[in-house]
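>
Numbering (the UniProt record's numbering), first residue to last: 1 to 295.
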């Protein structure tokens, strides 16, 4: 069996995803492989070449075209990694759809949900099956991904839900947006809150099924919140960036978790920020004004 480690990062052309790829390439070993993925073939090729050429790079860096909204493509890549390498050791699910403050949230709902939620479900399902013992499968979410940020009427859709039930809830939300009944049902106008809660709920669902065997062999499945990061996606939402991290700074805390020896059981299946669990039931619904000002 090939003993090299295989790491995969989605949404890795730029921003935080690019920083994840750079950090992994610098901190992994020369026999290891970092797969930098994205939808655009030329951007993927350019980014992979640039990361490979960085002074601190040690691992081999390869670009792979992957549209995470194509569930078939996600499954095929996972099976390809199983066939070629016996599986994958590190998966960072980081792809995100960019929405600007002046854009219609409802008009962008399908793209946002497809990239942030349907893709998360596909990554968890396909790469969870090929994650090698001792591996890491992390979904990049947000501090707004705790259940309390949703209207209490919606909590039952996600609390203790299976992955299939989370998927059903997300599609129900999508339908309500199209039918213009979402706000009446309690869904926030701003897409990011239900989306992030659903991402964390999906991670919790998968982790609940795998927990015993994963902890026995040192495998970690979790959601991570990198904190405020200065990227093209987040910048339009802020007026004050004095407390924002660079993508490289934000990536370091996540990669410290990824590359740590052993797994802290208290972090397994949770939303983790800077090594600390953000409790699932924390948070409170935001006012409409808060939603306009919060990224």
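The beta carbon of each residue, even a glycine, is placed where N, CA and C say it ideally should be. This structure is a prediction, so every number in the text was calculated from the model and none was measured.
Between 208, 176, 223, which has its C-alpha nearest residue 199's C-alpha?
Here residue 199 refers to the residue found at position 199 of the chain shown. Cα-wise, what sits closest to residue 199 is 223.
> Taking 8 angstroms as the threshold (C-beta atoms), are residue 221 and residue 269 in contact?
By 1-based counting over the chain shown, the position of residue 269 is 269. By 1-based counting over the chain shown, the position of residue 221 is 221. Against a cut-off of 8 angstroms, the Cβ pair of residue 221 and residue 269 comes out as a contact.
> Would you report the Cα separation of residue 291 and residue 190, rounded to the nearest angstrom?
Mapped onto the chain shown, residue 291 falls at position 291. Mapped onto the chain shown, residue 190 falls at position 190. For residue 291, the pLDDT reaches just 46, beneath the cut-off of 50, and the residue's location in the model is therefore unreliable, although a value from the coordinates is still provided. Near 6 angstroms, if we compare the C-alpha coordinates of residue 190 and residue 291.
> What residues are listed by DSSP as bridge partners for residue 6?
Position 6 of the chain shown holds residue 6. Answer by DSSP bridge pairing, in chain order: 33.
> By the three-class DSSP mapping on this structure, what secondary structure does residue 98 have?
The residue you call residue 98 lines up with position 98 of the chain shown. Residue 98: coil per DSSP, three-state reduction.
> Quick check: the Cα distance between residue 278 and residue 129, rounded to an integer number of angstroms?
Here the question's residue 278 lines up with position 278 in the chain shown. Here the question's residue 129 lines up with position 129 in the chain shown. Taking the straight line joining both Cα atoms gives about 27 angstroms.
> So, is residue 121 buried or exposed, given that buried needs 16 or more other C-beta atoms within 10 angstroms?
As a first step, residue 121 is located in the chain shown; it is residue number 121 there, counting from the start. Buried, because 16 or more other Cβ atoms sit within 10 Å of the Cβ of residue 121.
> Quick one: grab the DSSP three-state call for residue 143.
Position 143 of the chain shown, counting from 1, holds the residue named residue 143. If DSSP states are grouped into helix, strand and coil, residue 143 belongs with the helices.
> Go ahead and pull the three-state DSSP assignment for residue 276.
Start at 1 with the first residue of the chain shown, and residue 276 comes out as number 276. Strand, per DSSP.
> Going by DSSP, what residues sit across from residue 223 in a beta bridge?
Walking along the chain shown from the start, residue 223 turns up at place 223. In DSSP, residue 223 forms a bridge with 139, 271.
> If you draw a straight line from the C-alpha of residue 11 to the C-alpha of residue 115, how long is it?
Along the chain shown, one-based indexing puts residue 11 at 11. Along the chain shown, one-based indexing puts residue 115 at 115. Computed Cα separation, rounded: 10 angstroms.
> Kindly list the residues whose CB is nearer than 7 angstroms to the CB of residue 109, restricted to its own chain and excluding five residues on each side of it in sequence; keep chain order.
Locating residue 109 in the chain shown gives position 109, counting from the first residue. Once the five neighbours on either side are set aside, the close Cβ partners of residue 109 are 174, 177, 191.
> In its own chain, which residues sit with a C-beta less than 8 angstroms from the C-beta of residue 135, not counting the 5 before and 5 after it?
Counted from its first residue, the chain shown places residue 135 at position 135. Around residue 135: 87, 88, 89, 90, 91, 219, 220.
> Helix, strand or coil for residue 289, going by three-state DSSP, please let me know.
As a first step, residue 289 must be located in the chain shown, where it is residue number 289. Residue placement at residue 289 cannot be trusted, given a pLDDT of 46 that sits under 50; the coordinates are not used to answer.
> Kindly give me the distance between the Cβ atoms of residue 145 and residue 197, rounded to whole angstroms, as I take these residues to be in contact under 8 angstroms.
Residue mapping note: residue 145 aligns to position 145 of the chain shown, counting from 1. Residue mapping note: residue 197 aligns to position 197 of the chain shown, counting from 1. Indeed, because the Cβ distance is near 5 angstroms, the residues count as touching under 8 angstroms.
> In three-state DSSP terms, what is residue 110?
By 1-based counting over the chain shown, the position of residue 110 is 110. Reduced to three states, the DSSP call for residue 110 is helix.
> Tell me, please, which residues DSSP counts as bridged to residue 183.
The residue you call residue 183 lines up with position 183 of the chain shown. Residue 183 pairs with nothing; no bridge assigned.
> Rounded to whole angstroms, what's the CA-CA distance from residue 44 to residue 63? Just pull it up for me.
As a first step, residue 44 must be located in the chain shown, where it is residue number 44. As a first step, residue 63 must be located in the chain shown, where it is residue number 63. Those two C-alpha atoms are separated by around 6 angstroms.
> Tell me, please, which residues DSSP counts as bridged to residue 62.
In the chain shown, residue 62 corresponds to position 62, counting from 1. According to DSSP, which records beta bridges pairwise, residue 62 is partnered with 35.
> If I measure Cβ to Cβ from residue 97 and keep anything under 6 angstroms in the same chain, skipping five residues before and after, which residues do I get?
Residue mapping note: residue 97 aligns to position 97 of the chain shown, counting from 1. Short of 6 angstroms from the beta carbon of residue 97, and not among the five residues preceding or following it, lie these beta carbons of its own chain, in chain order: 111, 112, 115.
> Below 8 angstroms on the Cβ atoms is my contact criterion, and I expect residue 141 with residue 225 to pass it. Report the Cβ-Cβ distance as a whole number of Å.
In the chain shown, the residue the question calls residue 141 occupies position 141. In the chain shown, the residue the question calls residue 225 occupies position 225. With a Cβ gap of about 6 angstroms, residue 141 and residue 225 count as contacting.
> By Cβ distance, which residues of its chain are closer than 6 angstroms to residue 150, with the 5 residues on each side in sequence left out?
Taking the chain shown and counting its residues from 1, one reaches residue 150 at position 150. Cβ neighbours of residue 150 beyond the five flanking positions: 197.
> Three or more beta-carbon pairs under 8 angstroms between the segment 36-53 and the segment 17-24, yes or no?
The segment 36-53, when compared against the segment 17-24, does touch it at the 8 angstroms Cβ threshold.
> Hey, could you find the ends of the alpha helix (DSSP H) residue 93 is sitting in?
Within the chain shown, numbered from 1, the residue matching residue 93 stands at position 93. Note, residue 93: premise wrong, no alpha helix (DSSP H); beta strand (DSSP E) at 88-93.
> With DSSP collapsed to three states, give me the class of residue 294.
On the chain shown, position 294 is the one that residue 294 refers to. Legend: pLDDT at residue 294 = 44, less than 50; position of this residue unreliable, value from coordinates given subsequently. Of the three classes helix, strand and coil, the one that applies to residue 294 here is coil, per DSSP.
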